[in-house]
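Student: If you read the sequence shown in my numbering, its first letter stands for residue 28, the second for the next number, and so on.
Backbone N, C-alpha and C define an ideal beta-carbon position, used for all residues, glycine too.
Structure incoming, see below.
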Amino acid sequence: MKILVTGGMGYLGSVLCPDLVENHEVVVYDNLVYNQTTLPKLFNNKNFKFVYGDVRDYSKLSNYVNKADVIIPLAAIVGFPACDRDKQLATAVNYYQIKKILNNTSKLQRIIFPNTNSGYGQKTEGICTEDQKLTPISHYGVTKCDSENLLLDSGRAITFRLATVFGMSERMRLDLLVNEFVYKALTDRYITLFQAHTIRNYIHIKDVSSAFQFMINNYEDNVGEAFNVGLSDTNISKLELTERIKKYIPDFVVNQSDYYEDPDKRDYIVSNEKIESVGWKSNYSLDDGIQELISGYQIIINNDLSKF
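As structure tokens, this is what we get:
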């Protein structure tokens, strides 16, 4: 198939696209906002094409949307701090990009969209399933959930509500919780936890890639549906996360404080039973990711952190 990945040189795209080109033609459309130089190994692959462009320039983007069998819109302003800094930009990229893609594609084209499970909002009693109403509290969550609602109402897309992603990527991110905590354990050797008992769900970046590939191959059976994507055995608190890390870095000192409140406010258990029931399974555990990060961070600790 011909697959368009917007933002394909970001954290997730840098892992997903090498997997996709093994079986598909892939066009990556990216404005390289972080001056990243990822995916160099793909440029001699006949199944790969890179296009430099901004998703807000739809007259340019439409040339590639129209030719795609599958569209995976990864381009986004990610996280509540970045979105709050420029809400107009966040809305343009996170919402209007999706609206324009949806309005200019046919029912024969496939759209697979990554949302965030932070859309479930503040602390929730019980277990969050896909039937639960989305109640995002940040501008980031609002733009992503508004886009998901558009897509699901159309009946022409599949959406993922991703758990907190972890793992190595050519376009590395140090601001994701597991990635950040392991980095601090290796460098500072201590961390102060705020709201240490709040619970999150987690997922390895390679498992996210495999979820996209699974739904490309099983699209007709699942179109129109939303799926939580996370590790069913890893709904754990921040404190429990640091305890996992201490298994591998025993001198990691963990303090707790109530001085600061996390604006993200995620604190709930998420069910991933729905996606598992249709045949997708994760392959990487949290411990696999921690050990991978410890090894991979050797190339980052002695590098220019502004790249990450």
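Should Ile-232 and Val-32 be called a contact, given that it needs their Cβ atoms to be closer than 7 Å?
Tutor: Not closer than 7 Å, so no.
Student: In three-state DSSP terms, what is Glu-288?
Tutor: DSSP places Glu-288 in coil when its eight states are reduced to three.
Student: Around the C-beta of Val-97, are 16 or more other C-beta atoms found within 10 angstroms, so that it is buried, or is it exposed?
Tutor: Buried, because 16 or more other Cβ atoms sit within 10 Å of the Cβ of Val-97.
Student: Once DSSP output is grouped into helix, strand and coil, what is the label at Ser-264?
Tutor: DSSP places Ser-264 in strand when its eight states are reduced to three.
Student: In the DSSP assignment, find the beta strand (DSSP E) that holds Ala-184 and state where it starts and stops.
Tutor: Residues 184-189.
Student: Using DSSP bridges, identify the partner residues of Asp-57.
Tutor: Bridge partners of Asp-57: Tyr-79.
Student: Would you call Val-280 buried or exposed, if buried means 16 or more other Cβ atoms sit within 10 Å of its Cβ?
Tutor: The residue is exposed, with fewer than 16 neighbouring Cβ atoms inside 10 Å.
Student: What is the C-beta distance between Ala-102 and Val-82, in whole angstroms, given that I count them as a contact (C-beta under 8 Å)?
Tutor: Right, the Cβ-Cβ distance comes to about 5 Å (below 8 Å), so this counts as a contact.
Student: Taking DSSP as the reference, what is the three-state secondary structure of Phe-193?
Tutor: Of the three classes helix, strand and coil, the one that applies to Phe-193 here is strand, per DSSP.
Student: Would you call the CB atoms of Leu-213 and Tyr-38 closer than 7 Å?
Tutor: The answer is no: Cβ separation not under 7 Å.
Student: What do you reckon, is the C-beta of Asp-294 under 6 Å from a heavy atom of the ligand NAD?
Tutor: Judged by which ligands are present, the structure shown has none, so any question about the ligand NAD falls away.
Student: On a CA-only basis, which of Asp-234, Tyr-275, Lys-73 and Ile-243 is nearest Leu-258? Give me that one, please.
Tutor: The residue with the shortest Cα to Cα distance from Leu-258 is Asp-234.
Student: Are there three or more Cβ pairs, one per stretch, closer than 8 Å when the segment 51-59 is compared with the segment 244-263?
Tutor: The segment 51-59 is not in contact with the segment 244-263.
Student: Looking at C-alpha atoms only, which residue of Ile-272, Leu-220, Ser-196 and Asp-158 is the closest neighbour of Pro-391?
Tutor: Residue 391 is absent from the model: the chain starts at 28 and stops at 335.
Student: Report the option in Val-209, Asn-72 and Tyr-79 whose CA atom is closest to the CA atom of Asn-12.
Tutor: Only positions 28 to 335 of the chain appear in this structure, which leaves residue 12 out of reach.
Student: Which stretch, first to last residue, makes up the alpha helix (DSSP H) that contains Tyr-210?
Tutor: 204-214 is the extent of the alpha helix (DSSP H) around Tyr-210.
Student: Taking DSSP as the reference, what is the three-state secondary structure of Asn-299?
Tutor: Residue state, collapsed to three classes: coil.
Student: So, does the segment 170-187 touch the segment 306-314, judging by three or more C-beta pairs under 8 Å?
Tutor: Contact between the segment 170-187 and the segment 306-314 is absent, because fewer than three Cβ pairs lie under 8 Å.
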